[in-house]
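A.B. asks:
Residue numbers (this note's numbering): 7 to 384.
(1) Give a yes or no on whether the C-beta atoms belonging to residue 141 and residue 79 are separated by under 8 Å.
(2) Would you call the CB atoms of residue 330 and residue 175 closer than 8 Å?
(3) So residue 125 and residue 44 are supposed to be a Cβ contact under 8 Å. How far apart are they, rounded?
(4) Determine the direct distance from the alpha carbon of residue 255 to that of residue 266, and round the result to whole angstroms.
(5) Is it buried or exposed, residue 301, if we count other Cβ atoms within 10 angstroms and call 16 or more buried?
(6) To the nearest angstrom, how far is the alpha carbon of residue 90 from that of residue 349?
(7) At which residues does the alpha helix (DSSP H) containing residue 131 begin and terminate?
(8) Shortest alpha-carbon distance to residue 55 belongs to which of 145, 232 and 22?
(9) On the CB-based measure, 16 or more other CB atoms within 10 Å of its CB, does residue 384 come out buried or exposed?
(10) Within this structure, are the beta carbons of residue 324 and residue 116 separated by less than 8 Å?
(11) Relative to the alpha-carbon of residue 150, which residue among 335, 98, 200 and 208 has its alpha-carbon at the smallest distance?
(12) Pull up the DSSP beta-bridge partners for residue 347, would you.
(13) Does the count of Cβ pairs from the stretch 364-375 and the stretch 184-198 closer than 8 Å reach three?
(14) From the DSSP output, in three-state form, read off residue 384 for me.
(15) DSSP state of residue 18, grouped into three classes?
(16) In angstroms with no decimal places, state the Cα-to-Cα distance between residue 185 and residue 260.
(17) Enumerated in chain order, which unbroken segments of the alpha helix (DSSP H) with a length of 4 residues or greater are wholly contained in the stretch 23-66?
(18) State the DSSP-derived secondary structure class of residue 368, mapped to helix, strand or coil.
(19) Which same chain residues, not among the five before or five after residue 154, have their C-beta less than 6 Å away from its C-beta?
(20) Quick one: what's got a C-beta closer than 7 Å to residue 100's C-beta in the same chain, skipping five residues either side?
(21) If you scan the stretch 295-333 from start to end, which runs of the beta strand (DSSP E) of 3 or more residues do you find wholly inside it?
(22) Tell me the rounded alpha-carbon separation between residue 108 and residue 379.
(23) Cβ atoms of residue 363 and residue 68: under 8 Å apart, would you say?
(24) In terms of alpha-carbon separation, which member of 288, 253, 310 and 227 lies closest to residue 183?
(25) Below 8 Å CB to CB, which residues in the same chain sit around residue 72 once its five sequence neighbours on both sides are set aside?
(26) Measure from the alpha carbon of residue 339 to the alpha carbon of each residue in 205, 181, 280 and 270, then state which is nearest.
(27) Could you spell out where the beta strand (DSSP E) holding residue 352 opens and where it closes?
(28) In whole angstroms, what is the alpha-carbon distance linking residue 275 and residue 201?
(29) Is the beta carbon of residue 196 sitting closer than 8 Å to the one on residue 244?
(30) Alpha carbon to alpha carbon, how far is residue 28 from residue 120?
(31) Below 8 Å between beta carbons: does that hold for residue 178 and residue 21?
(32) Quick one: what does DSSP say residue 226 is sitting in, helix, strand or coil?
(33) When you compare only the Cα positions, how much space is there between residue 268 and residue 215?
(34) Who are the near neighbours of residue 222 in its chain, counting only those whose CB is closer than 7 Å to its CB and skipping five residues on each side?
(35) Measure the alpha-carbon distance for residue 143 versus residue 206 and round it to whole angstroms.
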């Protein structure tokens, strides 16, 4: 039923449209036109004004012809990471790749392409369905900002399916971590590096000692920590009086998250005192964890739809956040589904054609499962 040639062409057309975070207007305009052509009611919200993007989130609704069916929402994000401009997608045998100079953008345009294909099939074949809402969000890659500013309660849908995970189709993310962002500023004392270095306190050196005392990477099966950016210093002949460390802590356990965040803060402060410097830590909660049960309806539907396709569903935990973290925190049950994208956020990103096709088929299977509304306890 899926038109493979059309699906590939649609995906390649989408990835050629530049849409790095904060610059989603071109692809948003393109998608609004496509969705309206397919008969959906479409609007763009005001989230862009709040997060400094040139577009808002797209919210679209396809009116169903099965009134008793539970209304559902599918979601994907429009923005990409860098390097994500002037993408040149190539089909190599059964794989779609970039030229190697940029990302591909399968994250998350493979999801958008699959959703458009599913909607086309529904329209062409007059497939029975309930109300289907589509959310294409902005600025997901830079802090889930579009989702955070989406009025989720304006939707009629009762649950969401977020198409935004790597791995094989059939992988279902039922739990994902909370994240704290961390900014640590070390204040030392400037001095001439050649004439009187003894009078200075080297903030970079203090930061180095602090870093050497931090356990980073995987802390345990639920928790990770990273310092990803270091900036500071003015010149080689000046003892640096300020350096900034930026990082994060993630955990699927709230107690562990707060405990380890506090530990990094304390290490910085204690180390600074040893050198008669000062450390200032700024902590911000980026998003909250969620934990769905296999008995939750959204998970049951995802599993049944996968089985109906001959797939073996796999319930997994994730180490990353997505718009689903925001939706679940707002009380809107949402599951994240894998779409077959691989090596995302790198120039080696790719997706197999068969997985692009399976994703579109999975969307249709979910819609059919919702309509049938039976055998979910199998």
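The beta carbon of each residue, even a glycine, is placed where N, CA and C say it ideally should be.
C.D. replies: On the basis of the coordinates in this document:
(1) Start at 1 with the first residue of the chain shown, and residue 141 comes out as number 135. Start at 1 with the first residue of the chain shown, and residue 79 comes out as number 73. Contact flag set, yes.
(2) For the purposes of this step, residue 330 is identified with residue 324 of the chain shown, where counting begins at 1. For the purposes of this step, residue 175 is identified with residue 169 of the chain shown, where counting begins at 1. No, the pair does not count as a contact, with Cβ atoms beyond the cut-off.
(3) Translated into the one-based positions of the chain shown, residue 125 becomes position 119. Translated into the one-based positions of the chain shown, residue 44 becomes position 38. Contact flag correct, Cβ pair sits at about 5 Å.
(4) Here residue 266 refers to the residue found at position 260 when the chain shown is read from its first residue. Here residue 255 refers to the residue found at position 249 when the chain shown is read from its first residue. The straight-line gap from Cα to Cα measures roughly 7 Å.
(5) As a working note, residue 301 is residue 295 in the chain shown. Exposed is the call here.
(6) Here residue 90 refers to the residue found at position 84 when the chain shown is read from its first residue. Here residue 349 refers to the residue found at position 343 when the chain shown is read from its first residue. Cα-Cα distance, rounded: 14 Å.
(7) What you label residue 131 is simply residue 125 of the chain shown in a count that begins at 1. From DSSP, the alpha helix (DSSP H) with residue 131 extends over 112-131.
(8) Mapped onto the chain shown, residue 55 falls at position 49. Answer by Cα proximity: 145.
(9) Here residue 384 refers to the residue found at position 378 when the chain shown is read from its first residue. With a pLDDT of 48 at residue 384, under the threshold of 50, the modelled position of that residue is not reliable, and no figure is offered here.
(10) Counting from 1 along the chain shown, the entry for residue 324 is found at position 318. Counting from 1 along the chain shown, the entry for residue 116 is found at position 110. Going by C-beta atoms, residue 324 is not nearer than 8 Å to residue 116.
(11) By 1-based counting over the chain shown, the position of residue 150 is 144. Out of 335, 98, 200 and 208, 335 has the C-alpha closest to the C-alpha of residue 150.
(12) Taking the first residue of the chain shown as position 1, residue 347 is located at position 341. DSSP output for residue 347 lists 172 and 357 as bridge partner(s).
(13) no
(14) Taking the first residue of the chain shown as 1, we reach residue 384 at position 378. In this predicted model, residue 384 has a pLDDT of only 48, less than 50, meaning its place in the structure is not dependable; the value taken from the coordinates is given anyway. In the structure shown, residue 384 sits in coil (DSSP, three-state: anything other than H, G, I, E or B).
(15) Along the chain shown, read from residue 1 onward, the residue named residue 18 stands at position 12. Correct three-state label for residue 18: helix.
(16) Translated into positions along the chain shown, residue 185 becomes position 179. Translated into positions along the chain shown, residue 260 becomes position 254. Cα to Cα, residue 185 sits roughly 9 Å from residue 260.
(17) 31-43 and 53-57
(18) Residue numbering aside, residue 368 sits at position 362 when the chain shown is read from its first letter. Helix.
(19) Position 148 of the chain shown, counting from 1, holds the residue named residue 154. Contacts found: 332.
(20) Position 94 of the chain shown, counted from the start, is the residue given in the question as residue 100. The residues are 358, 359 and 360.
(21) 320-323
(22) Here the question's residue 108 lines up with position 102 in the chain shown. Here the question's residue 379 lines up with position 373 in the chain shown. Those two C-alpha atoms are separated by around 43 Å.
(23) Translated into positions along the chain shown, residue 68 becomes position 62. Translated into positions along the chain shown, residue 363 becomes position 357. In this structure, residue 363 does not lie closer than 8 Å to residue 68 by Cβ.
(24) Within the chain shown, residue 183 is the residue found at index 177, counting from 1. Per the C-alpha coordinates, the member of 288, 253, 310 and 227 positioned closest to residue 183 is 227.
(25) As a first step, residue 72 is located in the chain shown; it is residue number 66 there, counting from the start. The residues are 134, 135, 136 and 377.
(26) Counted from its first residue, the chain shown places residue 339 at position 333. 181 is the residue among 205, 181, 280 and 270 whose C-alpha sits nearest the C-alpha of residue 339.
(27) What you label residue 352 is simply residue 346 of the chain shown in a count that begins at 1. Taken as a continuous stretch (DSSP letters only), residue 352 belongs to no beta strand (DSSP E), as it is neither H nor E.
(28) Indexing the chain shown from 1 puts residue 275 at position 269. Indexing the chain shown from 1 puts residue 201 at position 195. Each residue's alpha carbon lies about 29 Å from the other.
(29) As a first step, residue 196 must be located in the chain shown, where it is residue number 190. As a first step, residue 244 must be located in the chain shown, where it is residue number 238. Contact: yes.
(30) Within the chain shown, the letter at position 22 stands for residue 28. Within the chain shown, the letter at position 114 stands for residue 120. Approximately 23 Å, taken between the alpha carbons.
(31) In the chain shown, residue 178 corresponds to position 172, counting from 1. In the chain shown, residue 21 corresponds to position 15, counting from 1. The answer is no: Cβ separation not under 8 Å.
(32) Mapped onto the chain shown, residue 226 falls at position 220. It is a strand residue.
(33) Locating residue 268 in the chain shown gives position 262, counting from the first residue. Locating residue 215 in the chain shown gives position 209, counting from the first residue. Whole-angstrom Cα-Cα distance: 18 Å.
(34) Here the question's residue 222 lines up with position 216 in the chain shown. The answer, listed in chain order, is 231, 232 and 233.
(35) Here the question's residue 143 lines up with position 137 in the chain shown. Here the question's residue 206 lines up with position 200 in the chain shown. Spanning the two alpha carbons is a distance of roughly 48 Å.
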